[in-house]
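Asker: According to the numbering used here, the stretch in the sequence shown is residues 491 to 743, in order.
Beta carbons: idealized from backbone N, C-alpha and C, even for Gly.
As the structure is a prediction and not an experimental result, all values here were calculated from the model.
Got a structure for you, questions after.
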Amino acid sequence: MTLFEVVTLVGLGLLAGVLIGAVGIGGVILVPALVYFDGVPIHAAIAGAMMSYLLTGLVGTLVYARAKSIQWNMVGWLWAGAMPAALGGALAANVAPSALLEILIGLLTVSSGLQSLFSGADVKMPDATTISNPALGCIGAMTGFLSALSGTGGPLILVPILLYLELPVLTAVGLSQVIQLPIALLATAGNLGYGSLDVVLGGLLALGLAFGTWAGAAIAHAVPRAALRRMVSLVLVIVGVSIFINLAVRLFT
């Protein structure tokens, strides 16, 4: 691996980390960037991205926890659903067709952004009974499976679901930091067992992601919440449309 490739991977991780820390969503750009600009096979890109989220989740969780932006009473059930589902999603990702994975990532990105963009404004934290424990487990399972399958790490799936359920944006982003840990751990174990994991790739991405996530989390707590919500939505829509454009160019040219 050349010095330019090393710098590129760390820089990509840094950019994605800023977005993850600030708006909860940024890992979605890793896989398309690795595939389209660095020529990394999509299955290896997904495995490397999932490994890098281990450090991102840890840094993001520490920063958001220190700012008291994590609802810890919701974490256990989200983890309980996410952990086994993430392992299943990682195994499915290793056998799924590349084009199908790209379409899935694009659909998740655009639909999440549009839903968040046109949904209501940020509201107060609902009562704990608003989202039941079994519902949290189901949300965690959906997040774990789809995140490991697409290589997006957790926030891309979880943030729009929680915003749809009318949780405040900082609460949604804070929980999305925490859920990266079990998803990344179980998905990485599955990818390692399947033999698709490039440890060097994942390590370089993680290095940039760690610093970027710390900076992004600081930005999130300094920006007005309405502006933060719009940032989340626009990032999603732009990235999703870019994925479909790139896929269309490859398929029809």
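Can you give me the Cβ contacts of Ala-677 inside the same chain, cut-off strictly under 6 Å, excluding the 5 residues immediately before and after it?
Answerer: Met-540, Ala-576, Ala-580, Ala-638
Asker: Kindly indicate which three-state DSSP category Ala-696 falls into: helix, strand or coil?
Answerer: Of the three classes helix, strand and coil, the one that applies to Ala-696 here is helix, per DSSP.
Asker: Which residue wins for smallest C-alpha separation from Val-668, given the options Ala-555, Leu-607, Asn-584?
Answerer: Ala-555
Asker: Rounded to whole angstroms, what is the Cα-Cα separation between Ala-738 and Lys-558?
Answerer: Rounded to the nearest angstrom, the two C-alpha atoms are 43 Å apart.
Asker: Could you say if the region 525–535 and the region 653–669 meet the contact criterion of at least three C-beta pairs nearer than 8 Å?
Answerer: no
Asker: Is there contact here, the region 545–553 with the region 697–711, by at least three beta-carbon pairs under 8 Å?
Answerer: yes
Asker: Leaving out the 5 sequence neighbours to the left and right, which residues in its chain are closer than 6 Å to Asp-688 when beta-carbon positions are compared?
Answerer: Ala-534, Gly-538
Asker: Say whether the region 566–575 touches the region 629–638, bearing in mind that this needs 3 or more beta-carbon pairs closer than 8 Å, one atom from each stretch.
Answerer: yes
Asker: In this structure, how does DSSP classify Leu-657 when only helix, strand and coil are distinguished?
Answerer: Reduced to three states, the DSSP call for Leu-657 is coil.
Asker: For Pro-672 and Thr-642, I'd like the C-alpha separation in whole angstroms.
Answerer: Cα to Cα, the separation comes out at about 13 Å.
Asker: Can you give me the C-alpha to C-alpha distance between Val-600 and Tyr-654, rounded to a whole angstrom?
Answerer: 15 Å
Asker: What's the call for Pro-522, buried or exposed, on a 16-neighbour Cβ count within 10 Å?
Answerer: By the C-beta density criterion, Pro-522 is buried, having at least 16 other C-beta atoms within 10 angstroms.
Asker: I'd like to check one pair, Gly-507 with Ala-700: are the Cβ atoms closer than 8 Å?
Answerer: yes
Asker: Under a three-way DSSP split, which group does Leu-673 fall into?
Answerer: Per the sequence presented here, residue 673 reads as Ile, with Leu not at that position. The answer is helix: DSSP assigns Ile-673 an H, G or I state.
Asker: Taking Asp-528 as part of the alpha helix (DSSP H), name the residues at either end of that continuous run.
Answerer: 520–528
Asker: Kindly indicate the opening and closing residues of the alpha helix (DSSP H) around Ser-640.
Answerer: 623–640
Asker: Candidates Met-564, Leu-520, Ala-716: which alpha carbon is nearest Ile-629's?
Answerer: The option with the nearest alpha carbon to Ile-629 is Met-564.
Asker: Taking the beta carbon of Ala-611 as the centre, do at least 16 other beta carbons fall within 10 Å, making it buried, or is it exposed?
Answerer: Its pLDDT being 47, under 50, Ala-611 is placed unreliably by the model, and nothing is read from it.
Asker: Assuming the contact rule is C-beta atoms closer than 8 Å, Leu-568 and Leu-646 should be a hit. Round their C-beta distance to whole Å, please.
Answerer: Not a contact, Cβ separation roughly 15 Å.
Asker: Answer with buried or exposed for Ser-622, where buried requires no fewer than 16 other C-beta atoms within 10 angstroms of its C-beta.
Answerer: exposed
Asker: What does a CB cutoff of less than 6 Å around Glu-592 pick up in its chain, not counting 5 residues either side in sequence?
Answerer: Excluding residues within five positions, the ones whose Cβ falls inside 6 Å are Leu-737.
Asker: DSSP on Thr-492, reduced to helix/strand/coil?
Answerer: coil
Asker: Looking at C-alpha atoms only, which residue of Ala-589, Gly-683, His-711, Leu-718 is the closest neighbour of Ile-733?
Answerer: Ala-589
Asker: Provide the residue span of the alpha helix (DSSP H) that contains Val-565, from first to last.
Answerer: 565–583
Asker: For the putative contact between Leu-544 and Ala-674, defined by C-beta atoms under 8 Å, what is the C-beta separation to the nearest angstrom?
Answerer: At roughly 4 Å, the Cβ-Cβ gap stays under 8 Å, so Leu-544 and Ala-674 are in contact.
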